[in-house]
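**Q** Chain order of the listed sequences is A and B. Numbers 3 to 438, taken from the working numbering, label the letters of the first sequence in order. Numbers 24 to 196, taken from the working numbering, label the letters of the second sequence in order. Quick one: the structure is below, and I'll ask about it shortly.
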Amino acid sequence: MKLKPTELDALLARYFDGTLDADSAARLTAELETKAEARALLRGVAEQAFAVAEAGRCAEARKTTKLVAWPEPKSATRRTRWLISWPVWASAALVLLGVGLIWQLRSPVLMEVMQLNGAVAWTGVNGPAQAVLAPGMKLPAGTLELETDTSQAQVRFADGTLVSLNGRTEATFSQEDGKRVRLRQGTFSAEVTRQPETQPMRVFTPTAEVVVVGTAFSMDARPDETSLEVAHGEVKMRRLVDGREASVTNQQRLVATLDSQAVWSPQAQVRPAMIWRMQFASRPDHVSGEWIAPGQRHAGGALAAQPFVAGKERDGRVIVHHGVCVRDDSGMASLTAASELRMKIRTTQDTGLQLIVGTRKPAGCFGGNFAVNSLSCRHSGPEEWRELRVPVSQLRSITPEHAATPEGLITDFIILNSFGNSAGLEVSELSIFPAP
Amino acid sequence: MSSLPQNEVIRTLLGARARLSSGFFLVLRDAHLAEDIFQEVMVKALQHPSLFANEAQLLSWARAVGRNASLNLLRKSGRVSVGLSESLIETLAQEIEAEASSGREEVLAKCLASLPVTARELLELRYFHSLSCGEIAARTGSGLEAVYQKLSRLHRTLRDCVERRLTLSSDLP
Numbered sequence: 003m004k005l006k007p008t009e010l011d012a013l014l015a016r017y018f019d020g021t022l023d024a025d026s027a028a029r030l031t032a033e034l035e036t037k038a039e040a041r042a043l044l045r046g047v048a049e050q051a052f053a054v055a056e057a058g059r060c061a062e063a064r065k066t067t068k069l070v071a072w073p074e075p076k077s078a079t080r081r082t083r084w085l086i087s088w089p090v091w092a093s094a095a096l097v098l099l100g101v102g103l104i105w106q107l108r109s110p111v112l113m114e115v116m117q118l119n120g121a122v123a124w125t126g127v128n129g130p131a132q133a134v135l136a137p138g139m140k141l142p143a144g145t146l147e148l149e150t151d152t153s154q155a156q157v158r159f160a161d162g163t164l165v166s167l168n169g170r171t172e173a174t175f176s177q178e179d180g181k182r183v184r185l186r187q188g189t190f191s192a193e194v195t196r197q198p199e200t201q202p203m204r205v206f207t208p209t210a211e212v213v214v215v216g217t218a219f220s221m222d223a224r225p226d227e228t229s230l231e232v233a234h235g236e237v238k239m240r241r242l243v244d245g246r247e248a249s250v251t252n253q254q255r256l257v258a259t260l261d262s263q264a265v266w267s268p269q270a271q272v273r274p275a276m277i278w279r280m281q282f283a284s285r286p287d288h289v290s291g292e293w294i295a296p297g298q299r300h301a302g303g304a305l306a307a308q309p310f311v312a313g314k315e316r317d318g319r320v321i322v323h324h325g326v327c328v329r330d331d332s333g334m335a336s337l338t339a340a341s342e343l344r345m346k347i348r349t350t351q352d353t354g355l356q357l358i359v360g361t362r363k364p365a366g367c368f369g370g371n372f373a374v375n376s377l378s379c380r381h382s383g384p385e386e387w388r389e390l391r392v393p394v395s396q397l398r399s400i401t402p403e404h405a406a407t408p409e410g411l412i413t414d415f416i417i418l419n420s421f422g423n424s425a426g427l428e429v430s431e432l433s434i435f436p437a438p
Numbered sequence: 024m025s026s027l028p029q030n031e032v033i034r035t036l037l038g039a040r041a042r043l044s045s046g047f048f049l050v051l052r053d054a055h056l057a058e059d060i061f062q063e064v065m066v067k068a069l070q071h072p073s074l075f076a077n078e079a080q081l082l083s084w085a086r087a088v089g090r091n092a093s094l095n096l097l098r099k100s101g102r103v104s105v106g107l108s109e110s111l112i113e114t115l116a117q118e119i120e121a122e123a124s125s126g127r128e129e130v131l132a133k134c135l136a137s138l139p140v141t142a143r144e145l146l147e148l149r150y151f152h153s154l155s156c157g158e159i160a161a162r163t164g165s166g167l168e169a170v171y172q173k174l175s176r177l178h179r180t181l182r183d184c185v186e187r188r189l190t191l192s193s194d195l196p
């Protein structure tokens with residue numbers, strides 16, 4: 003028997019509400035299997051429901067990404083400016099210039115500081131630690147230490163060789179029979195001018211040694227793994243675990259681990275897709291934050307904010323922010339003008355948020371860091387997750403010497419933090435998608 | 024056999040996003056979960072780009088993968104299992120794809136915007152905030168039956184609005 007339109011509407015409302023009993027479900031199914039107009043009604047409701055949710059998401063995204071919508075805590079504003087503003091360093095440098103000049107007279111100059119962002123410290127081989135550096139300072143042999151995930155430094159040797167360090171990195175520079183870099187950890191990229199054949203540049207990491215005559219390349223070093231990507235030219239890499247060597251050339255990549263059975267042949271670099279997603283059902287690698295296993299506070303697992311050093315005051319005191327950081331050294335996603343960063347989050351109080359995105363160029367060298375400083379999140383219930391959507395077009399460069407926008411670059415890391423305010427921030431999913 | 028380039032895969036899936044997600048919503052009855060499934064389908068599609076020789080093949084694959092993922096999610100979440108048979112869901116998904124017409128989504132958005140604020144709020148509570156009809160009844164102080172009736176009326180109003188506007192636009196020279 004055909005159902006009346008009002009009866010069908012009532013059954014559909016209960017079906018979508020999940021409250022249909024078995025008898026009613028059988029009546030509805032019979033109607034849907036035999037009547038095209040009944041199916042059209044069902045499809046219409048589904049279409050409308052999706053459109054309502056989409057309109058809500060867009061409105062929410064507009065609210066949360068409004069750049070002046072949320073008053074940042076005063077201290078956070080100050081700290082953020084400090085973090086992103088290298089001219090502050092420049093003024094501090096004037097004070098230190100005299101000290102630097104005296105210092106130079108004692109040791110031969112090896113390189114000049116070109117750019118700095120975030121907390122970067124320098125320790126000379128036999129000299130004192132310098133908590134404050136500035137562009138233009140001349141440095142002898144010693145160690146550069148980048149202390150935060152967003153720190154960045156660029157130095158230039160007298161022959162024009164340009165070296166960039168990014169994120170938490172420690173590298174010791176010296177001059178012996180050629181340039182020497184001991185990269186204990188972190189990310190290093192270089193555009194090396196032609197070196198004398200008998201005096202190549204050598205880079206040592208915990209798992210590999212790299213010999214460079216003239217090329218552009220980048221490396222990422224960890225205690226158990228070194229990855230090398232060559233933009234152009236040729237680099238020789240030796241794996242320390244067994245002494246095997248390989249030549250890595252244009253657009254190739256090679257990874258040296260502590261496993262002598264691991265594959266040892268250069269592979270073509272693969273540009274990451276435009277889509278990337280990370281959930282936290284299992285303990286993730288290369289993240290900063292407290293992992294919450296599925297079922298503890300959230301069915302699917304999450305990452306909770308932890309305190310981290312976001313920068314340093316001039317007197318050496320650290321600036322602490324609370325957040326999470328996700329890093330993928332092989333690149334998360336290629337960014338386009340239409341890319342959108344999406345974050346499923348919740349907080350235990352209303353808070354302002356800062357999003358920082360680190361990038362690399364497709365060929366492997368540092369691309370620039372970008373940020374949105376005025377996101378906001380309202381306090382949510384224990385099982386209430388909010389989705390923040392940030393179009394790439396809203397990201398602003400915090401390394402102005404590099405790319406002005408992240409379009410065309412590859413995402414290396416994402417940091418989401420609630421400044422100095424521990425707001426109980428938790429993240430259940432991070433993703434990058436092209437906006438619809 | 025040549026396969027669709029990555030940007031074509033993305034363009035095709037994004038173009039069919041509302042239709043695919045509506046199909047997943049039929050199974051899941053939650054618009055946000057439907058969106059999650061759509062994102063999962065996109066990620067999987069880009070992991071296997073060589074599978075698709077053309078757009079039709081890609082969309083058919085996306086429907087099947089999304090439907091299975093939706094059913095799995097439903098099973099795992101232990102939600103009420105009174106639902107539609109898989110063959111009926113497939114029929115509905117094919118019909119959604121077949122009735123796709125240019126401008127349908129824009130027309131629906133305009134119809135939604137033309138609703139009174141209270142009506143839009145009710146729809147948002149139900150489909151954006153994912154409240155059950157019982158929760159809406161408790162929050163608004165209405166009876167459960169009244170919520171069902173209001174929602175049914177709103178769906179009918181929107182359906183009529185979309186059809187009227189599409190007919191009007193197709194009658195224009």
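Ideal placement from N, C-alpha and C gives every residue a C-beta, glycine not left out. If you're wondering where the values come from, they're calculated on a predicted model, not measured in any experiment.
For a contact defined as C-beta to C-beta under 8 Å, what are the partners of A/G46 on chain B?
**A** H178, L181, R182 and V185
**Q** Using a Cβ cut-off of 8 Å (strictly closer), state whether B/I112 contacts chain A.
**A** Interface criterion not met: the Cβ of B/I112 is under 8 Å from no Cβ in chain A.
**Q** Do you know offhand how far B/S45's Cα is from A/A437's?
**A** Approximately 18 Å, taken between the alpha carbons.
**Q** Can you list, in chain order, the residues of the region 70-82 of chain B whose Cβ is nearer than 7 Å to any Cβ on chain A?
**A** The residues in question: there are none.
**Q** Taking DSSP's pairing of strands, which residues face A/D222 in a bridge?
**A** A/T189 and A/S229
**Q** Could you give the first and the last residue of the continuous alpha helix (DSSP H) run that contains A/T36?
**A** A24 to T36 is the extent of the alpha helix (DSSP H) around A/T36.
**Q** Look up A/R241 in the DSSP assignment and say whether it is helix, strand or coil.
**A** strand
**Q** Could you check what DSSP says for A/Q106 in three-state terms: helix, strand or coil?
**A** At A/Q106, the pLDDT of 43 sits below 50, so the modelled position is not reliable and the matter cannot be decided from this model.
**Q** Counting only beta-carbon atoms, is B/S26 nearer than 8 Å to chain A?
**A** For B/S26, the answer is no, since every Cβ of chain A falls outside 8 Å of its Cβ.
**Q** Report the neighbours of A/M334 on chain B: residues whose CB is nearer than 8 Å to its CB, in chain order.
**A** The contacting residues do not exist; A/M334 stays about 12 Å from chain B at best.
**Q** Relative to the alpha-carbon of A/H381, which residue among A/P364, A/A304, A/T361 and A/L355 has its alpha-carbon at the smallest distance?
**A** A/L355
**Q** I'd like to check one pair, A/G313 with A/E231: are the Cβ atoms closer than 8 Å?
**A** no
**Q** Report yes or no: do the region 153-165 of chain B and the region 104-123 of chain B share at least 3 C-beta pairs separated by less than 8 Å?
**A** no
**Q** Listing by chain order, which chain B residues have their CB less than 9 Å from the CB of A/E39?
**A** By Cβ distance, chain B contributes nothing, its closest Cβ being about 11 Å from A/E39, past 9 Å.
**Q** Looking only at DSSP bridge pairs, what is A/T200 linked to?
**A** The partner list for A/T200 (beta bridge, DSSP) is empty, contrary to what the question assumes.
**Q** Does the region 387-395 of chain A come close enough to the region 334-347 of chain A that 3 or more CB-CB pairs lie under 8 Å?
**A** yes
**Q** Grab me the residues of B/L131's own chain with a C-beta within less than 6 Å of its C-beta, minus the 5 sequence neighbours each way, in chain order.
**A** Excluding positions up to five away in sequence, the list reads V185.
**Q** Ordered along the chain, which non-local residues of its own chain (more than five positions away) have a Cβ less than 8 Å from that of A/V322?
**A** P309, F310, V311, A312 and G422
**Q** Distance cutoff 8 Å, beta carbons only. Does B/V130 sit that close to anything in chain A?
**A** no
**Q** Under a three-way DSSP split, which group does B/E129 fall into?
**A** helix
**Q** Which same chain residues end up closer than 6 Å to A/R329 when comparing Cβ atoms and leaving out the 5 residues on each side of it in sequence?
**A** H288 and F415
**Q** With a threshold of 7 Å, establish whether the CB of A/R59 neighbours any heavy atom of the ligand FAD.
**A** This structure does not include the ligand FAD; it has no bound ligands of any sort.
**Q** Given that A/I434 touches chain B, what residues does it touch there, using C-beta distances under 9 Å?
**A** In chain order: nothing, as chain B lies at least about 11 Å away.
**Q** Are any of the Cβ atoms in chain A nearer than 8 Å to that of B/L146?
**A** yes
**Q** For B/A54, report the span of its alpha helix (DSSP H) as first-last.
**A** A54 to Q70
**Q** Between B/A54 and chain A, is there a C-beta pair that is closer than 8 Å?
**A** Cβ-Cβ to chain A under 8 Å: yes for B/A54.
**Q** Taking only beta-carbon positions, decide if A/P438 is within less than 8 Å of chain D.
**A** The displayed structure is made up of protein chains A and B, and chain D is not among them.
**Q** Note down, in chain order, each residue of its chain lying with its Cβ closer than 8 Å to the Cβ of A/V111, except the 5 sequence neighbours on either side.
**A** K140, L141, P142 and A160
**Q** At the 8 Å Cβ level, is A/L185 part of the contact set with chain B, yes or no?
**A** No - not a single Cβ of chain B is within 8 Å of the one on A/L185.
**Q** Does the beta-carbon distance from A/F206 to A/V165 come in below 8 Å?
**A** no
**Q** Check whether the region 418-435 of chain A and the region 88-98 of chain B are in contact - that is, three or more C-beta pairs closer than 8 Å.
**A** no
**Q** How long is the line joining the alpha carbons of A/A27 and A/A40, rounded to whole angstroms?
**A** In a straight line, the C-alpha of A/A27 is about 14 Å away from that of A/A40.
**Q** Should A/F52 and B/A39 be called a contact, given that it needs their Cβ atoms to be closer than 8 Å?
**A** no
**Q** Below 6 Å CB to CB, which residues in the same chain sit around A/R279 once its five sequence neighbours on both sides are set aside?
**A** S433
**Q** Could you check where the beta strand (DSSP E) with A/L148 kicks off and where it finishes?
**A** G144 to L148
**Q** In chain order, what residues of the same chain have a beta carbon less than 6 Å from the beta carbon of A/W72, not counting five sequence neighbours either side?
**A** In this prediction, A/W72 has a pLDDT of 29, which is less than 50 and means its spatial position is unreliable; what the coordinates show is noted afterwards. Within the same chain, Cβ atoms closer than 6 Å to the Cβ of A/W72 are found at G354, S376 and S378, the five residues on either side in sequence being excluded.
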